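> Residue numbers (the numbering used here), protein chains in the order written: chain V, 19 to 207; chain S, 19 to 207. We put the beta carbon where it would ideally sit given N, CA and C, even for glycine. Small disclaimer: the values here were computed from a predicted structure and weren't measured.
Protein chains: 2
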Amino acid sequence: MIACALTACLLVIRQKVEAQNCDSRPAEKAGPMTEAVGAKTGDNKSSPNFVTEILPGYRDWRLISVAHEEGNLNDLRAILGNDVAIKAYRDGKLPFPEGAIIARVAWSYVPSEENNKIFGRAQSFVAGPPTNGVQFMVKDSTKYASTGGWGFGQFDDGKPLTDKAMLQSCFPCHDAFKDRDFVFTHYAP
Amino acid sequence: MIACALTACLLVIRQKVEAQNCDSRPAEKAGPMTEAVGAKTGDNKSSPNFVTEILPGYRDWRLISVAHEEGNLNDLRAILGNDVAIKAYRDGKLPFPEGAIIARVAWSYVPSEENNKIFGRAQSFVAGPPTNGVQFMVKDSTKYASTGGWGFGQFDDGKPLTDKAMLQSCFPCHDAFKDRDFVFTHYAP
Chain V
19 MIACALTACL LVIRQKVEAQ NCDSRPAEKA GPMTEAVGAK TGDNKSSPNF VTEILPGYRD
79 WRLISVAHEE GNLNDLRAIL GNDVAIKAYR DGKLPFPEGA IIARVAWSYV PSEENNKIFG
139 RAQSFVAGPP TNGVQFMVKD STKYASTGGW GFGQFDDGKP LTDKAMLQSC FPCHDAFKDR
199 DFVFTHYAP
Chain S
19 MIACALTACL LVIRQKVEAQ NCDSRPAEKA GPMTEAVGAK TGDNKSSPNF VTEILPGYRD
79 WRLISVAHEE GNLNDLRAIL GNDVAIKAYR DGKLPFPEGA IIARVAWSYV PSEENNKIFG
139 RAQSFVAGPP TNGVQFMVKD STKYASTGGW GFGQFDDGKP LTDKAMLQSC FPCHDAFKDR
199 DFVFTHYAP
C-alpha cells in the first residue's frame, strides 16, 4: 500500500518526535497543477521535496485499491489515481509517467451497528468519519529527483503537514519497492 | 452498506437453497444503458425485477464508500456510483433520481505480507483477487416499481446470477432502509 506505507512511517516517526510542530495555516486555494505540486520558494516551512498544496479534485479520481490498516491507524482507506496514474496501472507501465498522482483517503474503521442489527450478527465494518489525513504521491522526476521522482505530502483537515522529520520518513519505506517505482499499492481489478 | 446487504442476504439464501442453478451463459456484450438494465422478455431465466446485463464502465465510476465484510464474505469492498448517484449523494437528494446506479465491487481480504515485513508488525490488509461478484442497484421507478424502484443484480465472473430465490432476497433486507430510499451505504466524505 503506497500511502499505507506513508502513514505507517509517519506513525513511527510520530512516536519518536515528541514535539510536533504541525503548521496550522488554513489550506490555500489550490492553483493550477504546476503550482499545486511545486515548491514554494517564499515559504520557509515548505520544501521542494514535499507536496505543499492539496490537489484539487482528488475525491473524484478513480479507484486503484482499498485497504484496512490496523493498530493505531485503525482505518479503512481508498487509494485513488489521477488519469495518468490509472492508465499507467492498467497498462502495467513502470516507471509511472510524469504527472502521475496517487492519493490516499481514509476513514475510521467502524462496526456498522445498523447493518449488524439487520443481519443478526457481526457482519460489517464501514467508513466512519475521515481520519489520518489525505496523502499524495506526485511524480515529477526533476523536482523530486532525490526521492525517486516522487513528492510526498499529507494534509490534515486540509492543512499541509510541514514537519520535515515526518515527511522525510516517507521515502525510506517506499524505497523498499524500488522495483515497482516506489509504489506500494497494487491495482485491484 | 447497500450491496453489503445484498451480498449478506444472498449468503443467507444461499445457505437455504440447496440446489443452486446459476446460469453459466457468458456475459453478453452490454448494450445501451436502457437495454442493459431492462428486462429480457425472450429469456425465461431473466426477470423484469433484476438487472440482467453487466453495466459497462462501472469500474471507472467514482467512489461512494468502502467497507470490510466479515464471516463467509471476508472481503474488502468499494461502493461506486455513476454520475447521477454521486450527485444525489453529495446533494443529499432523496429519493435517488431515475438513472442512479450503485455498484459494489469486492476483493478477498488479504493480509499484506510485504507491507507487514517492512513495518515489522501486522499492519495491513489489502485487496486480493476479486470475490463475491459485482453487484448493482439501478433506479428505475417504473420498471422496478415492485422493489422500491430499484433493480438488483449480481454478476459472478461477468455472468449474471439468475437464481430468482437469491435475487428476490435482496429487497427484503434493503426494505429496512426505506427512509433513505432503500440504500444501505452512506457517502464517505
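Just tell me which of A118/S, Y127/S, G171/S has its CA closest to the CA of K157/S.
Start at 1 with the first residue of the second sequence, and residue 157/S comes out as number 139. It is A118/S.
> What number of angstroms, rounded off, separates the C-alpha of G138/S from the C-alpha of D199/V?
In the second sequence, counting from the first residue as 1, residue 138/S sits at position 120. In the first sequence, counting from the first residue as 1, residue 199/V sits at position 181. About 22 Å.
> With H, G and I counted as helix, E and B as strand and the rest as coil, what does DSSP make of A121/S?
Taking the first residue of the second sequence as 1, we reach residue 121/S at position 103. Of the three classes helix, strand and coil, the one that applies to A121/S here is strand, per DSSP.
> Under 7 Å between beta-carbons, which chain S residues line up against E87/V? List them in chain order, please.
What you label residue 87/V is simply residue 69 of the first sequence in a count that begins at 1. Here the neighbours are Q141, S142.
> Identify the contact partners of R122/V in chain S, using a Cβ-Cβ distance below 7 Å as the criterion.
To locate residue 122/V, count along the first sequence from 1; it is residue 104. Near R122/V there are no residues of chain S at all, since even the closest Cβ is about 12 Å away, more than 7 Å.
> With C-beta atoms as the reference, is L185/S less than 8 Å away from F68/S?
Numbered from its first residue, the second sequence carries residue 185/S at position 167. Numbered from its first residue, the second sequence carries residue 68/S at position 50. One thing to note: L185/S has its Cβ within 8 Å of the Cβ of F68/S.
> When you check each C-beta in the stretch 140–168 of chain S against every C-beta of chain V, which residues fall closer than 7 Å?
A140, Q141, S142, F143, V144, A145, P148
> Under the three-state reduction of DSSP, which class applies to K157/S: helix, strand or coil?
The residue labelled residue 157/S in the question sits at position 139 within the second sequence. It is a strand residue.
> For V102/S, decide whether its Cβ has a neighbour in chain V, counting only Cβ atoms nearer than 8 Å.
Within the second sequence, numbered from 1, the residue matching residue 102/S stands at position 84. No - not a single Cβ of chain V is within 8 Å of the one on V102/S.
> Just the Cα atoms here: how many angstroms apart are Y76/S and A140/S?
The residue labelled residue 76/S in the question sits at position 58 within the second sequence. The residue labelled residue 140/S in the question sits at position 122 within the second sequence. Computed Cα separation, rounded: 33 Å.
> Using a Cβ-Cβ cut-off of 8 Å, state whether R198/V counts as contacting chain S.
In the first sequence, residue 198/V corresponds to position 180, counting from 1. No, its Cβ sits nowhere closer than 8 Å to a Cβ of chain S.
> If you draw a straight line from the C-alpha of P129/S to the C-alpha of S142/S, how long is it?
The count along the second sequence starts at 1 and reaches residue 129/S at position 111. The count along the second sequence starts at 1 and reaches residue 142/S at position 124. Near 6 Å, if we compare the C-alpha coordinates of S142/S and P129/S.
> Take L98/S as the anchor and find which of L91/S, Y107/S, N150/S, T180/S has the nearest alpha-carbon.
For the purposes of this step, residue 98/S is taken as the residue at position 80 of the second sequence. Considering only alpha carbons, the answer is Y107/S.
> Taking V144/S as the reference, which of F154/S, G151/S, K177/S, E132/S has the closest Cα?
Here the question's residue 144/S lines up with position 126 in the second sequence. Among F154/S, G151/S, K177/S, E132/S, the Cα nearest to that of V144/S belongs to E132/S.
> Reducing DSSP to helix, strand and coil, say where A163/V ends up.
Taking the first residue of the first sequence as 1, we reach residue 163/V at position 145. DSSP places A163/V in helix when its eight states are reduced to three.
> In its own chain, which residues sit with a C-beta less than 8 Å from the C-beta of I104/V, not counting the 5 before and 5 after it?
Residue 104/V sits at position 86 when you count from the first residue of the first sequence. Answer for I104/V: W79, R80, I82, listed in chain order.
> Using a Cβ-Cβ cutoff of less than 7 Å, which residues in the same chain neighbour S159/S once the five nearest sequence positions on both sides are dropped?
Reading the second sequence from its first residue, position 141 is the one you call residue 159/S. These residues qualify, in order along the chain: E116, G167.
> Look at the alpha carbon of F202/V and the alpha carbon of L91/V, and state the distance between them as a whole number of angstroms.
Along the first sequence, one-based indexing puts residue 202/V at 184. Along the first sequence, one-based indexing puts residue 91/V at 73. Each residue's Cα considered, the two are about 17 Å apart.
> Near H86/V, which residues of its chain fall below 8 Å by C-beta distance, leaving aside the five closest residues on each side in sequence?
Mapped onto the first sequence, residue 86/V falls at position 68. Contacts found: D93, L94, R95, Y127, F143.
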